[in-house]
Amino acid sequence: YVATSPFRFGEFPNVSTGIATVTAAPEAVRLYTTMVNDLWQRAYKGRDGAALLRRMLNSV
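22 is the number that our numbering gives to position 19 of the sequence shown; each next residue is one higher, with no gaps.
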């Protein structure tokens with residue numbers, strides 16, 4: 004299943020009323036699975052991720 008919301012995460016309608024679309028359509032599941040896998044592959048993880056997070060936090 005894939006659940007998406009037309010609102011940005013944390014915006015009032017999204018949080019207060021739980022507005023979303025839920026589907027089990029194979030195309031949607033495949034699209035989001037591919038997207039998440041691609042994002043995970045490019046993500047900073049482990050020591051590199053911790054170092055990036057420290058740099059970002061030190062800059063604010």
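All C-beta atoms in this analysis are idealised placements derived from N, C-alpha and C, irrespective of residue type, glycine included.
| message | Contact between the region 5 to 12 and the region 20 to 27 is defined here as three or more beta-carbon pairs at a separation below 8 Å; is this criterion met? | response | Judged by Cβ distances under 8 Å, the region 5 to 12 makes contact with the region 20 to 27, as three or more pairs qualify.
| query | I think residue 60 touches residue 47, with their Cβ atoms under 8 Å apart; what is that distance to the nearest whole Å? | reply | Beta-carbon to beta-carbon, residue 60 and residue 47 are separated by about 14 Å, too far to satisfy the 8 Å threshold.
| First through last residue of the alpha helix (DSSP H) which encompasses residue 6 | Under the DSSP assignment, residue 6 falls outside any alpha helix (DSSP H), being part of the beta strand (DSSP E) whose first and last residues are 5 to 7.
| 7 Å CB neighbourhood of residue 15 in its chain, flanking five on each side removed | Counting only residues of its own chain and dropping the five nearest sequence neighbours on each side, residue 15 has no CB closer than 7 Å to any other CB.
| When you compare only the Cα positions, how much space is there between residue 37 and residue 49? | Near 22 Å, if we compare the C-alpha coordinates of residue 49 and residue 37.
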